[in-house]
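Chemist: Handing you this structure, nothing more for now.
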Amino acid sequence: MCGFQMTNILEQIKLFLKMNENIQLFAVTSEESANEFNVFEQRTGELVACYETDGKGGLKHFQACRDLEEVRCVQLSHDEVYEIAQSFLQVFAHNIVKSIYFIKMVEMDNIFQLSYELRDERYHLSFPDSSVMLEIAKDGRFQYFLFEGEACEVRYPKEVITKEEAKEKYIAALRFELLFAKADTEVFANGDDAYHLVYAPKDHVMDIGVSGELHTYENYNGFVQQFHNIEKRTVQNGEILKLIGLDDTYVKIDTNHAEDQVTELWTKHDYANDVEVEEGAPFHTIQVRFHQETFQCISVINNERKDGKKEAITEEEARECALQFLFACYPKADEQFLIERSHPSHHCVWEDENCESQYGFWFHPLHRGKRVDTYSIVIQVGQQSGKILEFQAVNGFDKELDELNDEPTIFEKEAKFIYAQDLEMELVWTKAQNLLHYELCYAPSFPKTDGHVRMVEAHTGTAFPLKV
600 MCGFQMTNIL
610 EQIKLFLKMN
620 ENIQLFAVTS
630 EESANEFNVF
640 EQRTGELVAC
650 YETDGKGGLK
660 HFQACRDLEE
670 VRCVQLSHDE
680 VYEIAQSFLQ
690 VFAHNIVKSI
700 YFIKMVEMDN
710 IFQLSYELRD
720 ERYHLSFPDS
730 SVMLEIAKDG
740 RFQYFLFEGE
750 ACEVRYPKEV
760 ITKEEAKEKY
770 IAALRFELLF
780 AKADTEVFAN
790 GDDAYHLVYA
800 PKDHVMDIGV
810 SGELHTYENY
820 NGFVQQFHNI
830 EKRTVQNGEI
840 LKLIGLDDTY
850 VKIDTNHAED
860 QVTELWTKHD
870 YANDVEVEEG
880 APFHTIQVRF
890 HQETFQCISV
900 INNERKDGKK
910 EAITEEEARE
920 CALQFLFACY
930 PKADEQFLIE
940 RSHPSHHCVW
950 EDENCESQYG
960 FWFHPLHRGK
970 RVDTYSIVIQ
980 VGQQSGKILE
990 FQAVNGFDKE
1000 LDELNDEPTI
1010 FEKEAKFIYA
1020 QDLEMELVWT
1030 KAQNLLHYEL
1040 CYAPSFPKTD
1050 GHVRMVEAHT
1060 GTAFPLKV
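Each residue of the sequence shown is one higher than the one before, counting from 600 in our numbering.
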């Protein structure tokens, strides 16, 4: 551990574990990391403790290795426990000890658990993703330490705008989308599980810098959802089977009728006698589900092995396959869906050489020209085969939406005013993009509702805060 001699560390460990001063300890670097160490007793070879450093002189983790069930409890006051913890922090967490603020102490069967957080000295604001936990056994011996986070440089700004100025700038940059959404009771504090026409804030501005600058998702390489119209395509009848990958090399091995749906199971001729028909889609099969009357495709599950001989197709080629399939299922898809801008997280890369990686394309339903936020259709396209590997249709909201008035009775300006009523800008520390220092900024918060407001009803003006 930088900043200490190894012998000094071992002597301090003996002190906090209340070991006899004549006992000799030695430390061995872990095979997993050069910053992880195991401490053993010289005479018996018994593992006494393990610890991890950050390589810069700070302790990240410490664990005493002993059975807590054998702890002989002694009468310790909370003040005495606190002093033991402070002594440990002074010795082993000297790099952060000035920033640590005590939060609470919890007494358990054999230990006292102490929680701390890191705050700055000027504003006494917590640093994000930084916490410290200690455990002291009831015999007074130190048991456990964990520092989550890292010691970063604190940069105090020369000037700081007021929270009122920050709120004005945030509201001025705020934009809404008029759409249909379900006020799910599992998501919203005042949800009713019904659909509503709502104004939803677009996620663009993250927070406001203390100098008044906007911090957007793009500034921090974040991904902002964008939705685009789809150009009309004409797909011939029967093309849907080709897009799924079914040709004359496949044979249908099972058909199942349930309610108004037909489920077919297909496989290559070579596997026809080997596949055991069971619930779901066994290996080497393609399961296709259709509507019994309309023959509209409801779902596709491809569970074939990857063909390693084929070269990968491009994302653009895969997108066209997905669009062709979408129009095969929905001939008026250009009026019914928007396509979401692709992001690497939409795609799936498998390390298993037998599994084919996938391009994923997200389509969002339209109703009377407005996006339906609650649902989306994902079409997965094989990166080698170009086949539709996975698809699930979305149904069930049209009738409910038909009963809604799709014209708002309040305008975006009013929705913004309602949204702003409970909005406050809170001064917080954020981790800078280069991860080496913290930045001070104003972040939006809703202290009256706890959860952030994510929708404003376009007819009644009701604000829908998230459930927390």
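Using N, Cα and C, we set each Cβ at its ideal position, and we do this for glycine too.
Are the region 786-798 and the region 1047-1055 touching by the rule of at least three beta carbon pairs closer than 8 Å?
Modeler: Taking a cut-off of 8 Å on C-beta distances, the region 786-798 touches the region 1047-1055, as three or more cross pairs fall below it.
Chemist: Does DSSP put E1006 in a helix, a strand or coil?
Modeler: In the sequence shown, counting from the first residue as 1, residue 1006 sits at position 407. E1006: coil per DSSP, three-state reduction.
Chemist: For a test of the three-state rule: what should DSSP assign to S944, helix, strand or coil?
Modeler: Numbered from its first residue, the sequence shown carries residue 944 at position 345. Of the three classes helix, strand and coil, the one that applies to S944 here is helix, per DSSP.
Chemist: Which stretch, first to last residue, makes up the beta strand (DSSP E) that contains L813?
Modeler: The count along the sequence shown starts at 1 and reaches residue 813 at position 214. Per DSSP, L813 belongs to the beta strand (DSSP E) from 813-815.
Chemist: Output yes or no for whether 8 Å exceeds the beta carbon distance between D900 and V876.
Modeler: Numbered from 1 along the sequence shown, position 301 holds the residue referred to as residue 900. Numbered from 1 along the sequence shown, position 277 holds the residue referred to as residue 876. The residue asked about is misnamed: residue 900 is Ile in this sequence, not Asp. Contact flag unset, no.
Chemist: Taking only the alpha-carbon atoms, compute the straight-line gap between N1042 and L1026 and give it to the nearest angstrom.
Modeler: By 1-based counting over the sequence shown, the position of residue 1042 is 443. By 1-based counting over the sequence shown, the position of residue 1026 is 427. Asn is not the amino acid found at residue 1042; the sequence shown has Ala there. If I take the Cα positions, the gap works out to 6 Å.
Chemist: Using only alpha-carbon positions, find the residue among F779, T833, E989, A992 that is nearest to R970.
Modeler: As a position in the sequence shown, residue 970 is number 371, starting the count at 1. Ranking the options by Cα distance to R970, first place goes to F779.
Chemist: In three-state terms, what does DSSP make of A1062?
Modeler: Start at 1 with the first residue of the sequence shown, and residue 1062 comes out as number 463. Here A1062 sits in strand by DSSP.
Chemist: Roughly how many angstroms separate the alpha carbons of L1000 and Y794, rounded to a whole number?
Modeler: On the sequence shown, residue 1000 is found 401 positions in, with the first residue counted as 1. On the sequence shown, residue 794 is found 195 positions in, with the first residue counted as 1. One C-alpha to the other measures close to 7 Å.
Chemist: Would you kindly work out how many angstroms separate the C-alpha atoms of V1067 and D783, rounded to a whole number?
Modeler: Residue mapping note: residue 1067 aligns to position 468 of the sequence shown, counting from 1. Residue mapping note: residue 783 aligns to position 184 of the sequence shown, counting from 1. V1067 and D783: Cα-Cα distance of roughly 13 Å.
Chemist: Could you check whether A663 and F775 sit closer than 8 Å to each other, using their CB atoms as the reference points?
Modeler: On the sequence shown, residue 775 is found 176 positions in, with the first residue counted as 1. On the sequence shown, residue 663 is found 64 positions in, with the first residue counted as 1. Contact flag unset, no.
Chemist: Going straight from the alpha carbon of L1022 to that of P1064, what length do you get?
Modeler: Reading the sequence shown from its first residue, position 423 is the one you call residue 1022. Reading the sequence shown from its first residue, position 465 is the one you call residue 1064. Looking at the two C-alpha atoms, the distance is approximately 11 Å.
Chemist: Which class does D666 belong to by DSSP, given the choice of helix, strand or coil?
Modeler: Numbered from its first residue, the sequence shown carries residue 666 at position 67. Coil, per DSSP.
Chemist: Checking 8 Å against the spacing of the C-beta atoms, do D906 and S956 come in under that value?
Modeler: On the sequence shown, residue 906 is found 307 positions in, with the first residue counted as 1. On the sequence shown, residue 956 is found 357 positions in, with the first residue counted as 1. Cβ atoms of D906 and S956: not closer than 8 Å.
Chemist: Are the CB atoms of Y974 and F990 within a distance shorter than 8 Å?
Modeler: Your numbering for residue 990 matches position 391 in the sequence shown. Your numbering for residue 974 matches position 375 in the sequence shown. For F990 and Y974, no; Cβs fall outside 8 Å.
Chemist: To the nearest angstrom, report how far apart S941 and A1057 are at their CA atoms.
Modeler: Along the sequence shown, read from residue 1 onward, the residue named residue 941 stands at position 342. Along the sequence shown, read from residue 1 onward, the residue named residue 1057 stands at position 458. Per the coordinates, the alpha-carbon of S941 lies some 29 Å from the alpha-carbon of A1057.
Chemist: Grab me the residues of A911's own chain with a C-beta within less than 7 Å of its C-beta, minus the 5 sequence neighbours each way, in chain order.
Modeler: Start at 1 with the first residue of the sequence shown, and residue 911 comes out as number 312. Here the set comprises Q982, Q983.
Chemist: Would you call the region 627-635 and the region 708-727 touching, i.e. three or more CB-CB distances under 8 Å?
Modeler: no
Chemist: Below 8 Å on the Cβ atoms is my contact criterion, and I expect A765 with L842 to pass it. Report the Cβ-Cβ distance as a whole number of Å.
Modeler: One-based indexing of the sequence shown puts residue 765 at position 166. One-based indexing of the sequence shown puts residue 842 at position 243. Not really, about 51 Å apart at Cβ, beyond 8 Å.
Chemist: For C896, is the classification buried or exposed, using 16 other Cβ atoms within 10 angstroms of its Cβ as the cut-off for buried?
Modeler: Here residue 896 refers to the residue found at position 297 when the sequence shown is read from its first residue. That one is buried.
Chemist: Based on the DSSP output, what are the partners of W949 in its beta bridges?
Modeler: Here the question's residue 949 lines up with position 350 in the sequence shown. Note: W949 sits in no beta bridge, so no partner.
Chemist: Within 10 Å of its beta-carbon, does L1035 have 16 or more other beta-carbons around it, so buried, or fewer, so exposed?
Modeler: In the sequence shown, counting from the first residue as 1, residue 1035 sits at position 436. Exposed: under 16 other Cβ atoms inside 10 Å.
Chemist: Between which two residues does the beta strand (DSSP E) carrying D806 extend?
Modeler: Sequence index remark: in the sequence shown, residue 806 carries index 207 (1-based). It spans 804-808 - the beta strand (DSSP E) in which D806 sits, taken as one unbroken run.
Chemist: Tell me which same chain residues have a C-beta within less than 8 Å of the C-beta of A692, skipping the five on either side of it?
Modeler: Indexing the sequence shown from 1 puts residue 692 at position 93. G657, L658, I699, V731, F744, F746, listed in sequence order.
Chemist: Is it true that the CB of V823 sits closer than 8 Å to the CB of E817?
Modeler: On the sequence shown, residue 817 is found 218 positions in, with the first residue counted as 1. On the sequence shown, residue 823 is found 224 positions in, with the first residue counted as 1. The answer is yes: Cβ separation under 8 Å.
Chemist: So is G968 buried or exposed if we call it buried at 16+ other beta carbons inside 10 Å?
Modeler: Counting from one through the sequence shown, the residue named residue 968 turns up at place 369. Counting Cβ neighbours within 10 Å, G968 comes out exposed, since fewer than 16 surround it.
Chemist: Tell me, to the nearest whole angstrom, how far the beta carbon of L717 is from that of S725; I am working on the premise that it is less than 8 Å.
Modeler: Start at 1 with the first residue of the sequence shown, and residue 717 comes out as number 118. Start at 1 with the first residue of the sequence shown, and residue 725 comes out as number 126. Confirmed, about 7 Å.
Chemist: Quick check on G1060 - is its C-beta less than 8 Å from some C-beta in chain D?
Modeler: Annotation note: the requested chain D is absent from the structure, which comprises a single protein chain.
Chemist: If you drop the 5 nearest sequence neighbours on each side, which residues of the same chain put their C-beta closer than 7 Å to that of K867?
Modeler: Working through the sequence shown from its first residue, we reach residue 867 at position 268. Result list for K867: T848, Y849, H883, in chain order.
Chemist: Between A921 and V980, how many whole angstroms is the CB-CB distance? I'm expecting something under 8 Å.
Modeler: As a first step, residue 921 is located in the sequence shown; it is residue number 322 there, counting from the start. As a first step, residue 980 is located in the sequence shown; it is residue number 381 there, counting from the start. With 8 Å as the limit, A921 and V980 qualify as a contact, their Cβ atoms being about 5 Å apart.
Chemist: Tell me whether the beta-carbon of L1039 lies closer than 8 Å to the beta-carbon of V797.
Modeler: Against the sequence shown, residue 1039 aligns to sequence position 440. Against the sequence shown, residue 797 aligns to sequence position 198. No, Cβ-Cβ distance for L1039 and V797 is not below 8 Å.
Chemist: For V855, name the three-state secondary structure that DSSP assigns.
Modeler: In the sequence shown, residue 855 corresponds to position 256, counting from 1. Here the sequence assigns Asn to residue 855, which means Val is not the residue at that position. Here N855 sits in strand by DSSP.
Chemist: Which word fits V1055, buried or exposed, when buried means at least 16 other C-beta atoms lie within 10 angstroms of its C-beta?
Modeler: Here residue 1055 refers to the residue found at position 456 of the sequence shown. Buried is the call here.
Chemist: For the region 645-692, list the beta strand (DSSP E) runs that are entirely contained and at least 3 residues long, ordered along the chain.
Modeler: 646-652, 658-663
Chemist: Run through the region 729-804 for me and flag every whole beta strand (DSSP E) of 3 or more residues, listed as ranges in chain order.
Modeler: If we require 3 residues or more, the beta strand (DSSP E) runs fully inside the region 729-804 come out as 741-747, 775-781, 794-800.
Chemist: In whole angstroms, give me the CA-to-CA distance for R754 and I760.
Modeler: Residue mapping note: residue 754 aligns to position 155 of the sequence shown, counting from 1. Residue mapping note: residue 760 aligns to position 161 of the sequence shown, counting from 1. So the two alpha carbons sit approximately 16 Å from each other.
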